[in-house]
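Protein chains in written order, with our numbering: chain Z, 1 to 292; chain V, 1001 to 1440; chain H, 2001 to 2184. All C-beta atoms, glycine included, are put in the ideal place defined by N, C-alpha and C. A short worksheet on the structure shown next.
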Amino acid sequence: MKTVFTKFAVRISAVLVASSLAVAGSTLSLSAADEEGGTVHYPLQKPMEQSWSFSGPFGHYDKAQLQRGLKVYTEVCAACHSMRLLSYRNLGDLGYSEQQIKNYAAEYDVIDGPNDDGEMFERPAKPNDRFKGPYANDKEAISANNGALPPDMSLLAKARAPERGFPTFIFDIFTMYAENGSDYIYSLLVGYPEEAPDGVEVQDGLHYNPYFVSGSALAMAPPLSDELVEYDDGTKATMEQQAKDVTAFLAWAADPNLNDRKQRGFIVILFLLIFAGLLYFTKKKVWSDVAH
Amino acid sequence: MSGHSTYNPTTGFGKFMDSRLPIARLIHDSFVSFPVPRNLNNFYTFGGILMVMLVSQIVTGIVIAMHFTPESTMAFDSVHLLRRDVSYGNTLQSWHAVGASMFFVAVYIHIFRGLYYGSYKAPREVLWILGVVIYLLMMATAFMGYVLPWGQMSYWGAQVITNFFSAIPLVGDTVREYLLGGYAVGNATLNRFFSLHYLLPFMIAGIVILHVWTLHVTGQTNPTGVEVKSKQDVIPFTPYATVKDAFAMVVFMIVMCYFVFFMPDYLGHADNYIMANPLKTPAHIVPEWYFLPFYAVLRAVDFNIGIPFTEIVLIDSKLGGVLAMFGAIAVLFFVPWLDTSDVRSANYRPMYKIFFWLFVANAVFLGYLGSRPAEGIWIPLMKASTFAYFFHFLVIMPLLGWFEKPLPRPASITDAVLAKAGNGGSSHIEGATAEPQSKG
Amino acid sequence: MSEAHASDVTRRDFLYIATGAAGAVAVGGVAWPLVSQMGPNEREKAAGGPVEIDISAVEPGMLITVIWRGKPYFIRHLTETEVASAKQAPEADFIDFDTADARIAAVEGADAEWAIVAANCTHLGCVPTKVDTGLEGWICPCHGSKFDVTGRVMKGPAPTNLPLPPFVFATAEKLVIGADKAGA
Chain Z
1 MKTVFTKFAV RISAVLVASS LAVAGSTLSL SAADEEGGTV HYPLQKPMEQ
51 SWSFSGPFGH YDKAQLQRGL KVYTEVCAAC HSMRLLSYRN LGDLGYSEQQ
101 IKNYAAEYDV IDGPNDDGEM FERPAKPNDR FKGPYANDKE AISANNGALP
151 PDMSLLAKAR APERGFPTFI FDIFTMYAEN GSDYIYSLLV GYPEEAPDGV
201 EVQDGLHYNP YFVSGSALAM APPLSDELVE YDDGTKATME QQAKDVTAFL
251 AWAADPNLND RKQRGFIVIL FLLIFAGLLY FTKKKVWSDV AH
Chain V
1001 MSGHSTYNPT TGFGKFMDSR LPIARLIHDS FVSFPVPRNL NNFYTFGGIL
1051 MVMLVSQIVT GIVIAMHFTP ESTMAFDSVH LLRRDVSYGN TLQSWHAVGA
1101 SMFFVAVYIH IFRGLYYGSY KAPREVLWIL GVVIYLLMMA TAFMGYVLPW
1151 GQMSYWGAQV ITNFFSAIPL VGDTVREYLL GGYAVGNATL NRFFSLHYLL
1201 PFMIAGIVIL HVWTLHVTGQ TNPTGVEVKS KQDVIPFTPY ATVKDAFAMV
1251 VFMIVMCYFV FFMPDYLGHA DNYIMANPLK TPAHIVPEWY FLPFYAVLRA
1301 VDFNIGIPFT EIVLIDSKLG GVLAMFGAIA VLFFVPWLDT SDVRSANYRP
1351 MYKIFFWLFV ANAVFLGYLG SRPAEGIWIP LMKASTFAYF FHFLVIMPLL
1401 GWFEKPLPRP ASITDAVLAK AGNGGSSHIE GATAEPQSKG
Chain H
2001 MSEAHASDVT RRDFLYIATG AAGAVAVGGV AWPLVSQMGP NEREKAAGGP
2051 VEIDISAVEP GMLITVIWRG KPYFIRHLTE TEVASAKQAP EADFIDFDTA
2101 DARIAAVEGA DAEWAIVAAN CTHLGCVPTK VDTGLEGWIC PCHGSKFDVT
2151 GRVMKGPAPT NLPLPPFVFA TAEKLVIGAD KAGA
């Protein structure tokens, strides 16, 4: 068995080496092409990799961080960005009590109806209502933001994933790297330079950011600054801290079942390993009387 | 196949049924007493794994369809409602999505195994062709399934793939409109893709039955490529193959669970977490990884083919690309006749063995190219790699039969097994084909 | 020799049984999520929370139907005659006897008595039609079951009375269905 796999592994690595040589060769010539004015690929800079409490096989969300993140979202992001797949009741995951969630929801008015008179009416939101967005629809959002649509944030941490490149994307399988979207959001939030580098022209109304995934500049002005929000738990609200907290919050919003998922996976794989072991010995026993 | 059934009903009910609906006999003959070569290695377990994957996809698919709304304004949300609010919803949805990828992992290993051991050669041509039909149906099913969550990649994938059909001269645009049920990809498209995505797996299951039937008529190949000659060469399916397949399946499931539970998005694409928007194409649109080699072939043809020194274009680049892409799949149908060698297994074909591994490397590279933008150095590389793909099937395979000097083959499977056992496993047979597993 | 052989057999049996048991666990582990997903989802469960109903406009003799958890409930403001006949009706008239007091709800201090019952017949789920013939309150259009004004079954095939939902009067004018404590 061992010899088979060793030899097979040699084969596979030969294939991989051959392909990677080809890729490396072509990458060299590609960078040459870039200098000659080939297509520019975004983002200009790869996201900065951060350490997250929810990375790795045993990673899980830090509730205190999510609560801080919710505060940043509520006080800053929510002015332009909707969160339409989330319901207020989901905030229970962040450790809030039912009453706290009711109070949070009640700050928003949602449209309900029709009532018995056939009219739509406004009422305070309830826990089972979805997060109320800042705009009635996309068109209103676009017109209020000089023609740019602030993306919905409920899946943002999954919907942004700058390319990792070869061979990093292969290593990612083994390092269990799945925080590409979070690294991206964090980098974008803290990545606005004071000024665009020399020679880069930035259109009016846009803001240069080398981390932006689909251009060199985006419509959103730098949204965060030091002490923009005041944290209830006394954490110092530096810009980086706020960026990190709100990113964690967005990661939770996009993947609220992460804790359960990883725990479940751990149990399932542990069981399968035991099952595989039993089957291996059963197989050995069954085949022991046959030369093959 | 041994020819006559060894099933012997013992109970009264068994005898009653056996003379009316001998289904127990069928199962016994197919999965219990069915003789398999004793020297099959672990690469031969993927047929069983594929059957399990098909069942797993059908079962999870039926279950998540209970929560899905095939309507263009609600489909995206219904998938995420499933992931967020349904008990085990996110596991089931990930299992189905990752399962599609793992299905293709298994089918590619299965196909390469067939190519290596010459499993397509007489008398197994029909077995091979049915396999290619299953592969085609799998591609159609996977494509339509990917459209259902109605994300950006779903939408633009549907846009691009259905445009293949507009390349058909004269009637192309009409064909595409009938395919879409509208002038563009829209609600009607989503509805019919849902309907067909639900139907096709059952058609696959039907052809799988034929595939297994032909297999049981011709019997399995084995790493030596020598046909079964005596009872000594074979062992009954149960318990030998059953327990071996079960072990391989569980190992395969461990790999799958790693992705489902720890990296559910690794094999997918981030843009599909954005709801479909007909006004905005994502910057890099690429198909799922299992279509990438064919996508590279499609894009390799960026030139018109016409009569030299005139302006007359016979095949424009669009039609050319589509033809090349379908050709890359169609060529598989002819493999049984393109390979002219008398020798079945690559173990005894020193030159074919080298070309086989080059072909594998090229196919992997072609997949990588499929994920690259069509610009700069990538275009000539796509062309070269596409050329190598067709060259392997259309030139190397037919020619090797004449030029290659095969190694001496064993007289029988039993001879091969005993020879290997005799010299302590250090046989000259190399690599993946050597020992199927360690001795018990 | 034979001893070694015997121990080999037990070891093998143990191995086979353990493997079979693990296989059974695997089958169960696969089946559980497939069954579990069939239940109401979180949104549905949360939507099943209590509903508040304004009953100020419901005059004696009137009936309104409200929806809680997707099912209809009758809220019937009983007249004095209806209350009196329900209280006097002999036990023999009913299939599933319960006292009228147990089925009539009233707000302390307010002069109003209510029948608050599920609106699906306990036979096969049709919605009974309101009738005003003294003691008789509803007749089911599907199979002819009869209920009195408090929802007690008087004639089959319905086997049991219309069930009472959990409810509470938040005020004399506001009824909450789905909770049996105020403020919930």
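Residue interval of the alpha helix (DSSP H) (run including V/Tyr-1116): 1089-1116
At least three beta-carbon pairs within less than 8 Å, the segment 262-273 of chain Z to the segment 1241-1249 of chain V: no
6 Å Cβ shell around V/Ile-1285 - same chain, five flanking residues per side excluded: Trp-1156
Integer Cβ distance of Z/Leu-156 from Z/Ala-237, believed to fall under 8 Å: A Cβ-Cβ separation of about 22 Å leaves Z/Leu-156 out of contact with Z/Ala-237 under the 8 Å criterion.
Collapsed DSSP secondary structure at V/Val-1226 in the structure displayed: coil
Three CB pairs or more closer than 8 Å across the segment 1101-1116 of chain V and the segment 1136-1145 of chain V: yes
The segment 2088-2105 of chain H / the segment 2044-2055 of chain H touching (three or more Cβ pairs under 8 Å): no
DSSP-derived helix/strand/coil call for V/Pro-1436: Reliability of the predicted coordinates at V/Pro-1436 is poor, the pLDDT of 40 falling under 50, and the value obtained from them is presented with this limitation in mind. It is coil, neither helix nor strand.
Collapsed DSSP secondary structure at V/Ser-1056 in the structure displayed: helix
Interface residues of chain V facing Z/Thr-282 [CB-CB closer than 7 Å]: The contacting residues are Val-1243.
Buried versus exposed call for Z/Leu-272 [16 or more other C-beta atoms within 10 Å across all chains shown]: buried
Proximal residues of chain V, C-beta to C-beta of H/Ser-2036 below 8 Å: Ser-1087 and Tyr-1088
Chain-ordered residues of the segment 108-135 of chain Z with a beta carbon less than 7 Å from chain H: Pro-127 and Asn-128
Coil, strand or helix - H/Ala-2112 by DSSP: DSSP places H/Ala-2112 in the coil class of the three-state scheme, outside both helix and strand.
Meets three-Cβ-pair contact criterion under 8 Å: the segment 1230-1240 of chain V and the segment 1033-1050 of chain V: yes
For V/His-1269 and Z/Glu-293, the rounded distance between their alpha carbons: The structure shown does not extend to residue 293 of chain Z, since chain Z is modelled only from 1 to 292, so the question has no answer here.
Closer than 8 Å at the beta carbon, the chain Z residues around V/Pro-1070: The premise fails here: V/Pro-1070 is roughly 19 Å from chain Z at the closest Cβ pair, so nothing lies under 8 Å.
Closest by C-alpha distance to Z/Met-220, when choosing among Z/Lys-132, Z/Asn-145 and Z/Val-40: Relative to the Cα of Z/Met-220, the nearest Cα in the group Z/Lys-132, Z/Asn-145 and Z/Val-40 belongs to Z/Asn-145.
Reduced DSSP secondary structure (H/G/I, E/B, other) of V/Trp-1150: coil
Residues in the segment 2036-2052 of chain H having any Cβ partner in chain V nearer than 7 Å: Ser-2036, Gln-2037, Gly-2039, Asn-2041, Glu-2042 and Arg-2043
Listed by chain order, chain V residues near Z/Leu-272 by CB distance under 7 Å: Val-1250, Met-1253, Ile-1254 and Cys-1257
Where the segment 141-163 of chain Z meets chain H: residues whose CB sits under 9 Å from a CB there: none
Opening and closing residue of the alpha helix (DSSP H) in which H/Glu-2080 lies: 2080-2088
Same chain only: Cβ atoms within 6 Å of V/Phe-1043, ignoring 5 sequence neighbours per side: Arg-1113
Interfacial residues, the segment 1347-1378 of chain V to chain Z, with Cβ spacing under 8 Å: Trp-1357, Val-1360, Ala-1361, Val-1364, Phe-1365, Tyr-1368, Pro-1373, Glu-1375, Gly-1376, Ile-1377 and Trp-1378
Cβ pair V/Ser-1385, V/Leu-1366 closer than 7 Å: yes
Between the CA atoms of V/Ile-1254 and H/Gly-2023 - distance to the nearest angstrom: 15 Å
Burial state of Z/Glu-194, where buried means 16 or more other Cβ atoms lie within 10 Å: Around the CB of Z/Glu-194, fewer than 16 other CB atoms lie within 10 Å, so the residue is classed as exposed.
Cut-off 6 Å between Cβ atoms - residues of its own chain near H/Phe-2083, not counting five sequence neighbours on either side: The amino acid at residue 2083 of chain H is misidentified as Phe; the sequence shows Val. Excluding residues within five positions, the ones whose Cβ falls inside 6 Å are Glu-2113.
Of the residues V/Gly-1172, V/Leu-1338 and V/Leu-1369, the one placed nearest V/Trp-1402, counting alpha carbons only: V/Leu-1338
Interface partners of Z/Leu-278 on chain C, CB under 8 Å: Checking the listed chains, one finds no chain C in this structure; the protein chains it contains are Z, V and H.
Proximity winner among V/Asp-1018, V/Pro-1293, V/Ile-1315 and V/Glu-1071, relative to V/Ile-1305 (alpha-carbon distances): When each option's Cα is compared against that of V/Ile-1305, the closest is V/Ile-1315.
Residue span of the beta strand (DSSP E) that contains H/Asp-2132, given as start and end: 2129-2133
Local conformation of V/Asp-1339 per DSSP, three classes: In this structure, V/Asp-1339 counts as coil in the three-state DSSP scheme.
C-alpha gap between V/Lys-1405 and V/Pro-1350, whole angstroms: Taking the straight line from one Cα to the other gives about 8 Å.
Contact set between Z/Ala-178 and chain V, taken where Cβ atoms lie within less than 9 Å: Taking a Cβ-Cβ cut-off of 9 Å, the neighbours of Z/Ala-178 in chain V comprise Phe-1262, Met-1263, Pro-1264, Asp-1265 and Tyr-1266, given in sequence order.
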